[in-house]
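J.:
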Amino acid sequence: MIMNDLAAPGLTLDKGLQALLDTVAQDPTGPLAVGVAGPAGHGKTALLAELERIHQRAGIAVRTAAPEPDEPVDPDTVVLVDDAHLLDDARTEALLRLVAGRRHRLVVAHRPWPRSAAFSELVDALRRDGQAVLLTPFTREQTAAYLATTPELGRPADLVDFVHTQTAGVPRDVERLARGLVGAETRTGTVDPPRSVILEFGPDLDVQPAAVRRLLLAVAAGGALPVSMLGALLGRDPAGVDELIATTRAAGLLGADGRLAPIVRQAVATLSSTTERTAVWRRLTELQLARGGAVLPLVRSLLAVGALGDCPAATLAAAADEALADAPAFAAELFAAATAAGQPPNARQALAAALAGDLDDALRLADRLLATAAPPERSEAAVVAATALAHRGHVGRSVELFRWSGTASAAAFAIVGGLATGDPAASTESPAGDPAGEPPTLHASAARLMANGVRESVTGPPTAALSALVQAAALLEPDGRAALLPDSPAALAALTAVHCGELEIAERVLHRALGAGVGGPLMARRHRLLQAWILMVRGEIHAAGERLATVTLDGRPLESRDQLFAAAIRMGIGRRNSDLGALKRGWGQALEAVVRHPVDLFTLLPLGELAIAGARLGDLARLEPYLHQGRALLDRLDDPPLWSVPLHWSGLHAAILTGEPAIADEHVAALLAAAGHSRYAAVVAAAAESWVEVLRGVVDPIRVEAAARGLHDTGLCWDGARLAGQAAIRTADRRAMTTLLECARALQGRPSGGQSGQTPTTGASTARVAGPTQHGLSDREYEVAELVLAGLTYREIGDRLFISAKTVEHHVARMRNRLNCANRTELLALLRTLVADRASDTAGQPWPQRASR
Numbered sequence: 002m003i004m005n006d007l008a009a010p011g012l013t014l015d016k017g018l019q020a021l022l023d024t025v026a027q028d029p030t031g032p033l034a035v036g037v038a039g040p041a042g043h044g045k046t047a048l049l050a051e052l053e054r055i056h057q058r059a060g061i062a063v064r065t066a067a068p069e070p071d072e073p074v075d076p077d078t079v080v081l082v083d084d085a086h087l088l089d090d091a092r093t094e095a096l097l098r099l100v101a102g103r104r105h106r107l108v109v110a111h112r113p114w115p116r117s118a119a120f121s122e123l124v125d126a127l128r129r130d131g132q133a134v135l136l137t138p139f140t141r142e143q144t145a146a147y148l149a150t151t152p153e154l155g156r157p158a159d160l161v162d163f164v165h166t167q168t169a170g171v172p173r174d175v176e177r178l179a180r181g182l183v184g185a186e187t188r189t190g191t192v193d194p195p196r197s198v199i200l201e202f203g204p205d206l207d208v209q210p211a212a213v214r215r216l217l218l219a220v221a222a223g224g225a226l227p228v229s230m231l232g233a234l235l236g237r238d239p240a241g242v243d244e245l246i247a248t249t250r251a252a253g254l255l256g257a258d259g260r261l262a263p264i265v266r267q268a269v270a271t272l273s274s275t276t277e278r279t280a281v282w283r284r285l286t287e288l289q290l291a292r293g294g295a296v297l298p299l300v301r302s303l304l305a306v307g308a309l310g311d312c313p314a315a316t317l318a319a320a321a322d323e324a325l326a327d328a329p330a331f332a333a334e335l336f337a338a339a340t341a342a343g344q345p346p347n348a349r350q351a352l353a354a355a356l357a358g359d360l361d362d363a364l365r366l367a368d369r370l371l372a373t374a375a376p377p378e379r380s381e382a383a384v385v386a387a388t389a390l391a392h393r394g395h396v397g398r399s400v401e402l403f404r405w406s407g408t409a410s411a412a413a414f415a416i417v418g419g420l421a422t423g424d425p426a427a428s429t430e431s432p433a434g435d436p437a438g439e440p441p442t443l444h445a446s447a448a449r450l451m452a453n454g455v456r457e458s459v460t461g462p463p464t465a466a467l468s469a470l471v472q473a474a475a476l477l478e479p480d481g482r483a484a485l486l487p488d489s490p491a492a493l494a495a496l497t498a499v500h501c502g503e504l505e506i507a508e509r510v511l512h513r514a515l516g517a518g519v520g521g522p523l524m525a526r527r528h529r530l531l532q533a534w535i536l537m538v539r540g541e542i543h544a545a546g547e548r549l550a551t552v553t554l555d556g557r558p559l560e561s562r563d564q565l566f567a568a569a570i571r572m573g574i575g576r577r578n579s580d581l582g583a584l585k586r587g588w589g590q591a592l593e594a595v596v597r598h599p600v601d602l603f604t605l606l607p608l609g610e611l612a613i614a615g616a617r618l619g620d621l622a623r624l625e626p627y628l629h630q631g632r633a634l635l636d637r638l639d640d641p642p643l644w645s646v647p648l649h650w651s652g653l654h655a656a657i658l659t660g661e662p663a664i665a666d667e668h669v670a671a672l673l674a675a676a677g678h679s680r681y682a683a684v685v686a687a688a689a690e691s692w693v694e695v696l697r698g699v700v701d702p703i704r705v706e707a708a709a710r711g712l713h714d715t716g717l718c719w720d721g722a723r724l725a726g727q728a729a730i731r732t733a734d735r736r737a738m739t740t741l742l743e744c745a746r747a748l749q750g751r752p753s754g755g756q757s758g759q760t761p762t763t764g765a766s767t768a769r770v771a772g773p774t775q776h777g778l779s780d781r782e783y784e785v786a787e788l789v790l791a792g793l794t795y796r797e798i799g800d801r802l803f804i805s806a807k808t809v810e811h812h813v814a815r816m817r818n819r820l821n822c823a824n825r826t827e828l829l830a831l832l833r834t835l836v837a838d839r840a841s842d843t844a845g846q847p848w849p850q851r852a853s854r
């Protein structure tokens with residue numbers, strides 16, 4: 002392949018052209034009859050110039066013009082003709098006679114269009130009696146080879162990709178862009194070509210007929226444009242459209258695939274007159290709208306050049322509808338532009354704002370439509386307002402609006418909301434609503450299953466609830482991006498799965514919902530927060546923190562429900578890290594989140610986590626009113642075990658931290674009463690009973706390990722490890738201590754005893770974990786451990802405790818040996834557990850025995 006009019010020395014050739022030039026160079030007087038075809042900018046002129054140089058160096062005369070009809074041509078002269086497609090028939094026939102005579106050497110370069118009958122005959126003769134050469138765009142490798150001829154550029158891969166993508170490999174455009182990039186401050190990671198390069202396309206566009214320029218503008222607008230639509234735009238019949246397309250391709254401006262290279266598209270959009278560009282694009286949107294085609298690509302093009310204000314309101318509204326599923330925020334902008342252009346506000350505009358997460362705008366628009374719109378619009382507006390209110394914690398008002406709207410989907414959502422607020426009557430309502438004329442869409446079917454699933458979670462077995470909710474989530478996956486939901490079936494399925502210890506199911510359903518974009522950006526945060534929750538309860542603290550950080554990357558403030566979950570996750574991470582400072586710093590925000598969102602069935606999980614944190618901080622009393630509301634809500638629903646078991650589990654740990662054994666016993670009794678409801682309830686009940694026995698100084702290592710492993714298997718990995726750790730530091734049996742510490746390490750995912758999972762059973766190993774107190778560490782060692790975890794150096798710890806830094810180092814070494822830790826990281830992790838457990842053990846004394854069981 003050869004460059005056209007290259008400024009840089011050297012040529013970039015493919016193997017076929019290189020072979021042609023090599024043959025001519027070796028025998029300049031040999032036979033030569035070549036037809037070179039290619040669009041403008043593909044290297045025809047450069048090829049002829051190189052052939053001229055080869056013959057001149059050989060002393061052979063060169064003629065660069067076609068002969069007149071009767072003009073004699075010396076057979077020893079080489080005839081090189083450029084732009085032969087522009088010759089009249091007489092000169093074309095003169096060239097044809099030279100080819101037919103087979104005495105002359107000639108190379109004829111031409112564009113593939115236009116082609117008269119005489120010119121077609123010449124091309125056929127050259128192909129038949131000589132050689133036909135077709136010039137095509139550069140490959141990526143050829144683009145890289147050309148850039149290598151410009152040392153100032155270098156050849157970084159991203160620069161080659163940028164140049165090749167922008168130009169689609171058209172040699173002329175590669176040369177222009179490369180020349181424009183020389184000396185640029187930043188060439189890698191370039192987003193747009195330099196303006197100087199764009200301006201070089203001006204002459205190419207100016208010489209084109211008006212119809213070609215209009216065609217270029219139409220293609221630059223984007224989207225697939227059928228011939229019939231182009232004909233209506235350009236005022237041509239199909240044959241005329243084909244001719245214009247062929248002309249534009251021959252000019253090197255339109256690719257063989259009917260697309261514009263990015264650099265050409267930018268030049269067309271930038272250099273065309275504003276009047277012509279706006280007229281063409283506006284007419285295109287009207288034609289596309291009339292035929293029911295997609296108008297969004299055209300509207301995006303108008304927006305890119307600042308011409309959106311000239312777009313009709315109907316076109317803007319249609320484009321907004323197209324953007325609703327994938328770009329709801331952009332759809333809301335387009336609806337607003339349509340309103341500014343004269344179209345009255347509608348419920349779709351409120352829907353777009355809600356899906357984008359802009360609940361302020363959604364509520365404002367929906368409330369206005371509820372007061373002024375026609376009945377169908379009012380019903381849709383009610384659904385938007387109800388959904389927004391549900392996300393903001395006003396579930397009671399949300400239920401009223403859902404019931405008022407009258408659709409089957411809204412009726413199902415009203416049942417979900419009613420049960421969430423503890424209304425037992427909601428469990429007997431029908432999710433059918435008044436489905437007059439409403440088709441059984443995926444959305445309506447999912448809403449019905451969602452209502453049935455929540456009802457089953459309150460009145461039936463957990464398996465039935467989980468099955469219905471997972472099915473509802475699956476129904477929305479194919480087309481759920483534009484589904485406006487007060488809560489997603491995936492989120493409720495995940496909550497239900499967490500409440501019954503099926504964390505893998507919860508993870509999978511959330512992953513699928515996020516992948517499918519169910520509920521748009523409005524629901525994406527909820528799904529990510531629940532993913533973070535699952536990671537936290539499993540003890541994957543770092544991963545939970547990373548997932549939590551992704552929730553607020555867009556900069557929008559969290560709505561009240563999401564704020565409550567986020568606050569609980571932050572406090573849960575701090576508690577599991579034994580980070581008292583983080584708990585203190587986050588407590589105020591956590592209390593604010595609780596105040597902002599009324600207690601409902603689906604927020605009992607974060608409320609329970611915050612209760613434990615409040616107990617750890619000695620400030621549980623401030624949460625008691627809300628915990629009372631939660632218990633009252635469960636009482637109204639006849640205390641459904643699926644939802645009550647986790648709250649009792651949290652209540653047990655809060656009671657442990659506040660040193661209230663009688664209250665802890667009440668929670669244990671409640672958990673034992675619910676043990677028959679599910680495997681998860683049975684595991685938690687057994688663990689609770691074992692935990693309080695451990696606190697009373699009764700450590701049965703077999704029962705404790707079974708309970709701890711049961712917690713781990715249901716997803717409560719951190720709790721399982723903590724139970725084993727607490728039992729280990731409360732037993733005076735050294736062998737039991739060793740066994741339980743190894744169990745705690747295994748449940749935390751660490752190798753046992755630093756020996757790749759081998760449990761130490763020798764006397765030496767047992768001696769290493771033996772300690773002077775039943776907790777395994779002395780009081781002084783606990784002091785040292787707390788300061789080590791606080792990040793103090795050995796010298797700083799020594800100053801604080803009035804001992805030497807060397808003594809501190811000895812204490813740390815003894816703790817590492819006694820606790821059988823393989824390295825410092827493992828020691829720190831175990832010390833966090835031991836220090837937290839000691840803090841939770843009131844004054845380090847065993848609890849009083851229960852009077853009766």
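Numbering (this note's numbering), first residue to last: 2 to 854. C-beta: ideal position from N, C-alpha, C; glycine also.
1. Count the C-beta pairs between the stretch 698-716 and the stretch 726-736 that are closer than 8 Å, then say yes if the count reaches three, no if not.
2. In its own chain, which residues sit with a C-beta less than 8 Å from the C-beta of residue 620, not counting the 5 before and 5 after it?
3. Residues in the same chain with beta-carbon distance under 8 Å from residue 20, minus the five sequence neighbours each way, listed in chain order, please.
4. For residue 689, tell me which candidate among 678, 667, 295 has the shortest Cα-Cα distance.
5. Using the beta-carbon count (16 or more within 10 Å), is residue 453 buried or exposed?
6. Suppose you measure from the CA of residue 717 to the CA of residue 507; what does that come to, to the nearest Å?
7. Can you tell me whether residue 444 is buried or exposed, with buried defined as 16 or more other CB within 10 angstroms of its CB?
8. With DSSP collapsed to three states, give me the class of residue 34.
9. Please report the distance separating the alpha-carbon of residue 763 from that of residue 738.
10. Measuring alpha carbon to alpha carbon, tell me which of 61, 158, 180, 346 ends up nearest residue 75.
11. Looking at the strands, I want to know which residues DSSP matches up with residue 134.
12. Any idea if residue 554 is buried or exposed, counting beta-carbon neighbours within 10 angstroms, 16 or more meaning buried?
13. Taking the Cβ atom as the reference point for each residue, do residue 70 and residue 91 lie within a distance shorter than 8 Å?
14. Give the C-beta separation of residue 154 and residue 182 to the nearest angstrom, bearing in mind that I take them to be a contact with Cβ-Cβ under 8 Å.
15. Among residues of its own chain, excluding the 5 on either side of residue 378, which ones have a beta-carbon nearer than 7 Å to its beta-carbon?
16. From residue 35 to residue 202, what distance separates their C-alpha atoms?
17. For residue 824, does the count of other Cβ atoms within 10 angstroms reach 16, so buried, or fall short, so exposed?
18. Hey, which unbroken runs of the alpha helix (DSSP H) at 4 residues or more fall wholly within the stretch 507-577?
19. For the alpha helix (DSSP H) that contains residue 643, what are its first and last residues?
20. I'd like the ranges of any beta strand (DSSP E) spanning at least 3 consecutive residues and lying wholly in the stretch 314-351.
21. Where does the unbroken alpha helix (DSSP H) through residue 812 begin, and where does it stop?
22. In this structure, what does DSSP give as the bridge partners for residue 106?
23. Suppose the cutoff is 7 Å on Cβ atoms and the five residues either side in sequence are ignored; what does the same chain contact list for residue 275 look like?
24. Classify residue 770 as buried or exposed, calling it buried when 16 or more other Cβ atoms lie within 10 Å of its own Cβ.
25. Which one of 302, 213, 518 has the shortest CA to CA distance from residue 270?
26. Which same chain residues, not among the five before or five after residue 495, have their C-beta less than 7 Å away from its C-beta?
27. Excluding five sequence neighbours on each side, which residues of the same chain lie with their C-beta closer than 8 Å to the C-beta of residue 99?
28. By DSSP, does residue 56 sit in helix, in strand, or in coil?
29. What are the partner residues of residue 64, as DSSP defines its beta bridges?
30. Please classify residue 444: does DSSP put it in a helix, a strand, or coil?
31. Residue 805: buried (16+ other C-beta within 10 angstroms of its C-beta) or exposed?
32. At which residues does the alpha helix (DSSP H) containing residue 479 begin and terminate?
33. Taking the C-alpha atoms as reference points, what is the distance between residue 15 and residue 23?
34. Can we say the stretch 484-501 touches the stretch 463-475, given the rule of at least three CB pairs closer than 8 Å?
35. Nearest-angstrom Cα distance between residue 18 and residue 89?
36. Give a yes or no on whether the C-beta atoms belonging to residue 93 and residue 135 are separated by under 8 Å.
T.: Reading off the structure:
1. As far as the Cβ criterion goes, the stretch 698-716 touches the stretch 726-736, which means the pair count is three or higher.
2. Position 619 of the sequence shown holds residue 620. These residues qualify, in order along the chain: 588.
3. Locating residue 20 in the sequence shown gives position 19, counting from the first residue. So no residue of the chain qualifies.
4. The residue you call residue 689 lines up with position 688 of the sequence shown. The shortest Cα separation from residue 689 among 678, 667, 295 belongs to 667.
5. Working through the sequence shown from its first residue, we reach residue 453 at position 452. Using a 10 angstroms sphere on the CB of residue 453, the tally of other CB atoms reaches 16 or more, which defines it as buried.
6. Taking the sequence shown and counting its residues from 1, one reaches residue 717 at position 716. Taking the sequence shown and counting its residues from 1, one reaches residue 507 at position 506. Roughly 14 Å separates the two Cα atoms.
7. Translated into the one-based positions of the sequence shown, residue 444 becomes position 443. It is buried - the Cβ of residue 444 has at least 16 other Cβ atoms within 10 Å.
8. The residue labelled residue 34 in the question sits at position 33 within the sequence shown. When secondary structure is reduced to three states using DSSP, residue 34 falls in the strand class.
9. Counting from one through the sequence shown, the residue named residue 763 turns up at place 762. Counting from one through the sequence shown, the residue named residue 738 turns up at place 737. Note that residue 763 scores 30 on pLDDT, short of 50, meaning its location in the model is unreliable and no value can be drawn from it.
10. Numbered from its first residue, the sequence shown carries residue 75 at position 74. Ranking 61, 158, 180, 346 by Cα distance to residue 75 puts 61 first.
11. Along the sequence shown, one-based indexing puts residue 134 at 133. Partner(s): 37.
12. Against the sequence shown, residue 554 aligns to sequence position 553. Exposed is the call here.
13. Taking the first residue of the sequence shown as position 1, residue 70 is located at position 69. Taking the first residue of the sequence shown as position 1, residue 91 is located at position 90. Less than 8 Å divides the Cβ of residue 70 from the Cβ of residue 91.
14. By 1-based counting over the sequence shown, the position of residue 154 is 153. By 1-based counting over the sequence shown, the position of residue 182 is 181. Correct: roughly 6 Å between the Cβ atoms.
15. Stepping through the sequence shown from its first residue, residue 378 is reached at position 377. So the qualifying residues of the chain are 347, 348, 370.
16. Indexing the sequence shown from 1 puts residue 35 at position 34. Indexing the sequence shown from 1 puts residue 202 at position 201. So the alpha carbons of these two residues sit roughly 30 Å apart.
17. In the sequence shown, the residue the question calls residue 824 occupies position 823. Under this definition residue 824 is an exposed residue.
18. Complete alpha helix (DSSP H) runs here, min 4: 521-538, 542-550, 561-577.
19. Position 642 of the sequence shown, counting from 1, holds the residue named residue 643. That run of the alpha helix (DSSP H) goes 642-659.
20. You should have found no qualifying run.
21. What you label residue 812 is simply residue 811 of the sequence shown in a count that begins at 1. From DSSP, the alpha helix (DSSP H) with residue 812 extends over 806-819.
22. As a first step, residue 106 is located in the sequence shown; it is residue number 105 there, counting from the start. Per DSSP, 79.
23. Counting from 1 along the sequence shown, the entry for residue 275 is found at position 274. Cβ within range, chain order: n/a, list empty.
24. Here residue 770 refers to the residue found at position 769 when the sequence shown is read from its first residue. Here residue 770 scores only 34 on pLDDT, less than 50, and its place in the model should not be relied on; the value that follows carries that caveat. It is buried - the Cβ of residue 770 has at least 16 other Cβ atoms within 10 Å.
25. Against the sequence shown, residue 270 aligns to sequence position 269. With distances taken between CA atoms, residue 270 lies nearest to 302 out of 302, 213, 518.
26. What you label residue 495 is simply residue 494 of the sequence shown in a count that begins at 1. 507, 510, 511, 531, listed in sequence order.
27. Residue numbering aside, residue 99 sits at position 98 when the sequence shown is read from its first letter. Only 68, 74, 80, 105, 107 meet the Cβ criterion.
28. Locating residue 56 in the sequence shown gives position 55, where the first residue counts as 1. Per DSSP, reduced to three states, the secondary structure at residue 56 is helical.
29. Stepping through the sequence shown from its first residue, residue 64 is reached at position 63. DSSP, once it has assigned bridges, lists 80 as partnering residue 64.
30. Position 443 of the sequence shown, counting from 1, holds the residue named residue 444. Looking at residue 444 - three-state DSSP - the assignment turns out to be helix.
31. Counting from one through the sequence shown, the residue named residue 805 turns up at place 804. Burial call: exposed.
32. Start at 1 with the first residue of the sequence shown, and residue 479 comes out as number 478. Where residue 479 is concerned, there is no enclosing alpha helix (DSSP H), given that its DSSP letter is neither H nor E.
33. Within the sequence shown, the letter at position 14 stands for residue 15. Within the sequence shown, the letter at position 22 stands for residue 23. Whole-angstrom Cα-Cα distance: 12 Å.
34. As far as the Cβ criterion goes, the stretch 484-501 touches the stretch 463-475, which means the pair count is three or higher.
35. Numbered from 1 along the sequence shown, position 17 holds the residue referred to as residue 18. Numbered from 1 along the sequence shown, position 88 holds the residue referred to as residue 89. Whole-angstrom Cα-Cα distance: 28 Å.
36. If you number the sequence shown from 1, residue 93 lands on position 92. If you number the sequence shown from 1, residue 135 lands on position 134. Pairing residue 93 with residue 135 gives a Cβ-Cβ distance that is not under 8 Å.
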